[in-house]
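K.L.:
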Amino acid sequence: DAGVTQSPTHLIKTRGQQVTLRCSPKSGHDTVSWYQQALGQGPQFIFQYYEEEERQRGNFPDRFSGHQFPNYSSELNVNALLLGDSALYLCASSLYPGAGTEAFFGQGTRLTVV
Amino acid sequence: AQSVAQPEDQVNVAEGNPLTVKCTYSVSGNPYLFWYVQYPNRGLQFLLKYITGDNLVKGSYGFEAEFNKSQTSFHLKKPSALVSDSALYFCAVRDSPMDTGRRALTFGSGTRLQVQP
Numbered sequence: 001d002a003g004v005t006q007s008p009t010h011l012i013k014t015r016g017q018q019v020t021l022r023c024s025p026k027s028g029h030d031t032v033s034w035y036q037q038a039l040g041q042g043p044q045f046i047f048q049y050y051e052e053e054e055r056q057r058g059n060f061p062d063r064f065s066g067h068q069f070p071n072y073s074s075e076l077n078v079n080a081l082l083l084g085d086s087a088l089y090l091c092a093s094s095l096y097p098g099a100g101t102e103a104f105f106g107q108g109t110r111l112t113v114v
Numbered sequence: 001a002q003s004v005a006q007p008e009d010q011v012n013v014a015e016g017n018p019l020t021v022k023c024t025y026s027v028s029g030n031p032y033l034f035w036y037v038q039y040p041n042r043g044l045q046f047l048l049k050y051i052t053g054d055n056l057v058k059g060s061y062g063f064e065a066e067f068n069k070s071q072t073s074f075h076l077k078k079p080s081a082l083v084s085d086s087a088l089y090f091c092a093v094r095d096s097p098m099d100t101g102r103r104a105l106t107f108g109s110g111t112r113l114q115v116q117p
């Protein structure tokens, strides 16, 4: 049973560029959440998708957008990249609406903005 | 708003000794609490959770955690530490299940556990 898979593993982009990160959830999961983990910090919630709609959003600017596909996979898009966007981006899948259900995380995409 | 505090940036313990990693939380409703572990250049791996019931929760790899409502704490423990337990540990909270609009996990800043041989 494949867990959460993310691609690519590493990415280097230039300031001002746009980036797309991809996530496939764990088999049987229908909800995908994205988190940003800056170096030395805990993960920060970006947004969550269920039934192809954004259900909840954290304190991130509109430059961060996402999408969920009918097969539950998801993309995170970041426009007009800033140096401060350099971080590990984590995708987590779970079952909605189970608040008590643990989220399973992918290995992350390390984004470096230069 | 929900929040989590991990007061120790690093915990050092000798192999074979018991370990404790501290976590306190703040939520408006009933808390759902989680512990995750992160190894270098990896994602987060689920260890255990508290939903309701027994205050002592047992999880993976011999870890357990004690929920204390009066102290709003959820400390992670292990009776006998292994060198391989050295990693970054995160406590997380999710707020009341009655609010279906709020599903995000709020994480603490993490505690680095170093187990010396």
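If you read the sequences in order, they're chains A and B. Quick note on numbering: the first sequence equals residues 1 to 114 in the numbering used here. Quick note on numbering: the second sequence equals residues 1 to 117 in the numbering used here. Even glycine gets a Cβ: it sits at the ideal position worked out from N, Cα and C. These numbers were taken from a predicted model, which means no experiment stands behind them.
#1: Taking 8 Å as the CB-CB limit, is B:S124 close to chain A?
#2: Given a threshold of 16 other Cβ atoms within 10 Å of its Cβ, counted over all protein chains shown, does B:V48 qualify as buried or as exposed?
#3: Starting from A:I12, trace the beta strand (DSSP E) in both directions and tell me its first and last residue.
#4: Taking all protein chains shown into account, decide if A:R15 is buried (16 or more other Cβ within 10 angstroms of its Cβ) or exposed.
#5: Using CA atoms only, rank isn't needed, just tell me which of A:G108, A:G100, A:F60 and A:E54 is closest to A:N79.
#6: Mind pulling the chain B residues with CB within less than 7 Å of A:R15?
#7: If you check the beta carbons only, do A:W34 and A:L76 fall under 8 Å apart?
#8: Nearest-angstrom Cα distance between A:R57 and B:G108?
#9: Which of the three DSSP states is assigned to A:L83 in this structure?
#10: Between the alpha carbons of A:G3 and B:N55, how many angstroms are there, rounded?
#11: Compare the Cα-Cα distances from A:S86 to each of A:H10, A:T20, A:L111 and A:A103 and report the closest residue.
#12: Taking only beta carbons into account, state which residues of the segment 29-45 of chain B come closer than 9 Å to chain A, listed in chain order.
#13: Could you name the residues that DSSP lists as bridge partners for A:E102?
#14: Among B:P117, B:P79, B:A87 and B:T111, which residue has its Cα nearest to the Cα of B:Q38?
#15: Can you give the Cα-Cα distance for B:K78 and A:Q37, rounded to whole angstroms?
#16: Is any heavy atom in the ligand NAD found nearer than 7 Å to the beta carbon of B:T52?
P.N.:
Here's the rundown:
#1: Residue 124 of chain B lies beyond the range of chain B shown here (1 to 117); nothing can be said about it.
#2: Here the question's residue 48 of chain B lines up with position 48 in the second sequence. Reading off the sequence, residue 48 of chain B comes out as Leu, not Val. The residue is buried, with at least 16 neighbouring Cβ atoms inside 10 Å.
#3: The count along the first sequence starts at 1 and reaches residue 12 of chain A at position 12. Unbroken beta strand (DSSP E) run through A:I12: H10 to K13.
#4: Position 15 of the first sequence, counted from the start, is the residue given in the question as residue 15 of chain A. By the 10 Å Cβ count, A:R15 comes out exposed.
#5: Start at 1 with the first residue of the first sequence, and residue 79 of chain A comes out as number 79. The residue with the shortest Cα to Cα distance from A:N79 is A:F60.
#6: Start at 1 with the first residue of the first sequence, and residue 15 of chain A comes out as number 15. Per Cβ cutoff of 7 Å: no residues; A:R15 is ~24 Å from chain B at best.
#7: Taking the first sequence and counting its residues from 1, the one referred to as residue 34 of chain A is at position 34. Taking the first sequence and counting its residues from 1, the one referred to as residue 76 of chain A is at position 76. Cβ distance < 8 Å, so A:W34 and A:L76 count as in contact.
#8: By one-based count along the first sequence, residue 57 of chain A stands at place 57. By one-based count along the second sequence, residue 108 of chain B stands at place 108. Spanning the two alpha carbons is a distance of roughly 18 Å.
#9: As a working note, residue 83 of chain A is residue 83 in the first sequence. Looking at A:L83 - three-state DSSP - the assignment turns out to be helix.
#10: Translated into the one-based positions of the first sequence, residue 3 of chain A becomes position 3. Translated into the one-based positions of the second sequence, residue 55 of chain B becomes position 55. Approximately 29 Å, taken between the alpha carbons.
#11: Working through the first sequence from its first residue, we reach residue 86 of chain A at position 86. Among A:H10, A:T20, A:L111 and A:A103, the Cα nearest to that of A:S86 belongs to A:L111.
#12: Y32, F34, Y36, Q38, N41, R42, G43, L44 and Q45
#13: Translated into positions along the first sequence, residue 102 of chain A becomes position 102. Its beta-bridge partners do not exist; DSSP assigns none.
#14: In the second sequence, residue 38 of chain B corresponds to position 38, counting from 1. Among B:P117, B:P79, B:A87 and B:T111, the Cα nearest to that of B:Q38 is on B:A87.
#15: By one-based count along the second sequence, residue 78 of chain B stands at place 78. By one-based count along the first sequence, residue 37 of chain A stands at place 37. Computed Cα separation, rounded: 26 Å.
#16: Among the components modelled here there is no ligand, and therefore nothing to report on the ligand NAD.
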